[in-house]
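Colleague: Below: one structure in structure tokens.
Numbering (the working numbering), first residue to last: 259 to 499.
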């Protein structure tokens, strides 16, 4: 029972955060870390950082649309000249009506300044032409003889916003089926791994799954902050006997 109560509290906190994010969609940065337990259970830790305007106050006493029939959330805006309330329709899974077309919107409302309008142009998108260096190690060995093989190192310069594991595999192992290779074993670590120096150091190697074959590296890595972007791969190139 205590565990269910704790889970309910977490869900309510998440709901409040998502409600605030709905009214300010400018995300400063985000990160997503995956970890695995000994019984191979996966845990995902998602962190999203965004700013909340000082003039935005959410009425926490208003029943949530997730638990009531009301399709509106009440928001009070202290920067307006009057004390009227602004109603914004919440999205529902089966609604075909856009929240921008809500009948409760007052088109004649004017703000004290054009700061709200200018805020639409302050979103900073990541530089999609950025290139980074990634180390890729290929372990080539005969099936069943993992301890007797060849280790090769490749230094690749690539665009993490566009490059996928499939493209990396095709570049290094052009005659191999990328899907088969990733099933045999493709691993990555959020570190600038050097096999000649750190071979005795324990690394947090994370497995790449087949469904991630066509995902950009930033999605797999879990962050778009290029300054801290460090990534190394290990690919198992297994040959049959």
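Every residue, glycine too, gets a C-beta built ideally from N, C-alpha and C.
Would the beta-carbon of residue 479 fall within 8 Å of that of residue 489?
Modeller: Contact: yes.
Colleague: With a threshold of 16 other CB atoms inside 10 Å of the CB of residue 504, please say whether the residue is buried or exposed.
Modeller: Past the edges of the chain, shown from 259 to 499, lies residue 504, and the structure says nothing about it.
Colleague: With 16 other CB atoms within 10 Å as the buried threshold, where does residue 455 fall?
Modeller: Flag for residue 455 reads exposed.
Colleague: Quick one: grab the DSSP three-state call for residue 395.
Modeller: Here residue 395 sits in strand by DSSP.
Colleague: Secondary structure at residue 274, three-state DSSP: helix, strand or coil?
Modeller: Of the three classes helix, strand and coil, the one that applies to residue 274 here is helix, per DSSP.
Colleague: Which ranges would you report for the beta strand (DSSP E) in the stretch 416-453 if only whole runs of at least 3 residues count?
Modeller: You should have 444-447.
Colleague: On a Cα-Cα basis, can you pick out the residue from 436, 473, 450 that is closest to residue 463?
Modeller: That would be 450, whose Cα lies nearest to the Cα of residue 463.
Colleague: With residue 496 as the anchor, note down where its beta strand (DSSP E) starts and where it stops.
Modeller: Where residue 496 is concerned, the enclosing beta strand (DSSP E) stretches over 490-497.
Colleague: Would you identify the three-state DSSP class for residue 403, choosing helix, strand or coil?
Modeller: Coil at residue 403, not helix or strand.
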